[in-house]
Every structure is written in C-alpha cells, then in structure tokens.
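Numbering (our numbering), first residue to last: 5 to 466.
Virtual Cβ for every residue (Gly too), placed ideally from N, Cα, C.
Predicted model only: the values in this text are computed from it and were never measured.
A quick write-up on the structure given underneath.
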C-alpha cells in the first residue's frame, strides 16, 4: 500500500529539526566536554566540527534524493546499483544498529530523568531495573499513539518542536540569571594548556564523533521523499537550513551551560557520567524544571524517529528485503504499523543490555561503515546510470565526496576509541568484557550479509 504525498516545507523542516534538536545534546554534552579534556574552547570547536562533518554528507545525499524522487534514502540508491545483497545488508544494519539505537538512547535517557525527578539512587539494582522497564513502557506507549491516532505525526511535529526548545530556553534563562564568565569561560581557563589538551583529546576525533551523533536526523527528508510536496525544492532547503539552525542552537546552548558550571568538592567542573542538569544542581527548582521539559523533548524525538525510520522498513518490505508483513499500513491512520513494531522490538534489546554510551558508540560505528557504502553507490550511479540527474559540477561533486569519505574515516576511528580504548582507560576492565559487544555487532552484521548471499543466490542448506 502506497503512502500519501502530503508534507510541505514547514512540516518537513519542523520534523527534521525535531529529529535533530535537543535529545542528542542533552545525552552527550557532559561526555563531549570530558572528551575535549575539559577545555571549553575545544568543546565548542567539537560542536562546530560536528556540524561541518555532516554537511558534506548532507550535500551528497541531496543530489540522488531529488534526482530519483524515491523514499528510502541510501537503501534505494544501492539497489539501483544492482548491489542486491549489499542493499539487503545496508537496510538491515540500518535497522539493527542505527534506527533502533536512536530510539533506545532517547527512551533510556527519558527514564533516567524520571528516576532523577523521583530522587531515586540510580546505582541500586532495583532502580536500574525500574529504569529499563520504564524505558520500554515509554517506547511502547509512544509507538501505540503513532499507530492508532490519525495524523499524529503530521500535527504533532510543530508542537514537539516548540516543546523541545523549552529546556534549551530554560538554560539560556539560567545563564542570564546565574551565569558568569569567570571560571570555565575566563580567558585563563580557555587557554590553559590548550595545545596539550588538544593532543590529549586525540585531536578531538572522539569528541567530534559524539557531536556527529547529536546532528543525526538531518537526512530525515530523504526517507520520505515520495510523501513530500515539491521535493526538488523542499529537500535541499530543509537539510541545509536544519544543519545550520541546529549548529547555532548547540553552540549557544553549550556556552550558556559553561557559564553555569561550578567546580565540585573534587575540583571537577563537569561530571562526564552525570546528566546535563547536574551542571546547575545547586538550583533545585531549575533541575526539576529542566528534567520535566527534557522529558517532553525526548518524547518529541521518539515521535520523529518512529515516524521516519519506519518508512525505511516499509521501503524494504516493498522490495522484498524484509517480509511483506512489515509493509502493512494501518487503514485508519495510514501508518506502517508493523514496521514500527519491528523497530520497537530491536530497540528493547538495546534498552535491556546496553548503556547509553555503548548505544551511541554502536550508532557511530554503524553509520561510518554505512556512509562509505552509500557514497560508493552514489559514485557508481553518477558515473553509470543514464537516469541519474546531476545537480553539481564535477569539481563540486568530487570535493564534497572526498570530504565525506574523510569524515567517515574520522568517525570510524572515533567510534573504535569510544567502544574499546576509552572503557579500558576508565574502568580497567578485562579485554573480553570490553570486546564482546563490538564482536557480537560485527558477527551479526556478517550473518546478515551471509543470509543475503543465500537468499539472493537461491542457496539452500540441506
């Protein structure tokens, strides 16, 4: 069953901003600061570089998206290369390690904030179990709303975009009321051991990998191209506008938070394992208000993610790369409800067995590999497919492509650091306890590819 064409520029821009803004920076702010060796200037640069590394990717995907006019983003383009097995692999890896991890991180962070509001100790086993159970309940509840309520995605995007600005606006208000340029934002702190901090942070590559996660969602319009009114004009303007708007928001938000930071009893300015509200913990009313606003922010993020990530699974079902049952569309709401259910099932696994930092690391590693494959398909289509409509000159295209591949390499290195090196440095855990999850991730990806070989070559195991 086909999805209707019904989304205009402002709805798509609101949906894209809602998919990017807020949840990622709240999840990752403290860790980015720590990965920047607690240097405010380097942290701000990490957020700027995070936007810069997604811009080449954004420009690259615009060309085939508006040229072919099909939903499904990179998956559709890989299929056009006749790389059937790789397209199958791409789609499933995207579902298992990108779409599901995004949902799981938002729901886990939301449940963590609720337990913080209730003033429960997160280190207690019972509280940890409660957090996971609450995260799963939130995911199922929000998925049910999207499946059952007609036009819930279309009419809630502008509302959630407004709601998602509330915790950010609150931080700006707190910065005006309590912020100071002394301490972290003073010249002495900004320039203190700057060169040493830059080298110690491995030239900001891990921090940029984290901020790259915070800009994820900018590709939203390419997933619903067939549902967008006037996609040739809407898609490029939405993607470029969204990245630049979010860059300004994140930098201003980061500076405001830095102005509120005060050292704890151990002399640490920001706890990398803490929540964003711990930065202004001395103002109890502000912490409570921020967490309440942030919960609504995460609801908006989950709503957006379920909306556009389910479209990919719907596309896979149309081409036979997932079972046709996942292409079923609810007659009343026109939502691909079985695709949403599949996403939720995979996300539940991450909620149960991974921490937020592990989820983000898995996301970064998967997206780095998938972007390399995606870029390879775009190169082949541009060179070989007579139906491919070029919008860039050769020099512009190849400059963007080289920059995109370089950024893929950087985020791949950063994800390996986050998954393997950093846990060993922080905890001194055994090699097996650190490596088993990355190894499992690689094994699952390999098995998906192996299954694709059997599937498309009609190989049967006797």
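Looking at C-beta atoms only, is the number of pairs between the stretch 48-57 and the stretch 210-218 that lie closer than 8 Å three or more?
yes
If you run the structure through DSSP and keep just helix, strand and coil, what is residue 472?
Only positions 5 to 466 of the chain appear in the structure, and residue 472 is not among them; the question remains open.
Sequence-distant residues of the same chain with beta carbon closer than 7 Å to residue 466, five excluded per side
Residue placement at residue 466 is flagged as unreliable, the pLDDT there being 48, under the threshold of 50; a coordinate-derived value is accordingly withheld.
Evaluate the contact criterion for the stretch 104-112 versus the stretch 132-143: three or more CB pairs, one atom per stretch, below 8 Å.
yes
Have a look at residue 68 and residue 415 and give me their C-alpha separation to the nearest angstrom.
Those two C-alpha atoms are separated by around 23 Å.
Start-to-end residues for the alpha helix (DSSP H) that takes in residue 294
288-323
Exposure of residue 327, with buried meaning 16 or more beta-carbon neighbours within 10 Å:
exposed
Could you check if residue 457 is buried or exposed, using at least 16 other CB atoms within 10 Å of its CB as the buried criterion?
exposed
Mind checking residue 5: buried by the 16 CB within 10 Å criterion, or exposed?
The predicted model places residue 5 with a pLDDT of 48, which falls under 50 and marks its position as unreliable, so this point remains unresolved.
As assigned by DSSP and simplified to three states, the class of residue 532
Nothing about residue 532 can be read from this structure; the chain reaches only from 5 to 466.
For a test of the three-state rule: what should DSSP assign to residue 274, helix, strand or coil?
coil
When 134, 65, 287 are compared against residue 118, the one with the closest alpha-carbon
134
Is DSSP giving residue 228 helix, strand or coil here?
coil
Length of the line joining the Cα atoms of residue 391 and residue 153:
39 Å
When the Cα atoms are used, what is the spatial distance from residue 373 to residue 72?
24 Å
Residue from 447, 393, 403, 369 whose Cα sits closest to the Cα of residue 1:
The requested residue 1 does not occur in the structure, where the chain is confined to residues 5 to 466.
DSSP has residue 11 in a bridge; who is on the other side?
232
Thinking just about the alpha-carbon of each residue, which of 461, 428, 423 is nearest to the one in residue 445?
The closest CA to that of residue 445, considering only 461, 428, 423, is found on 423.
Helix, strand or coil for residue 50? Go by DSSP, reduced to three states.
helix
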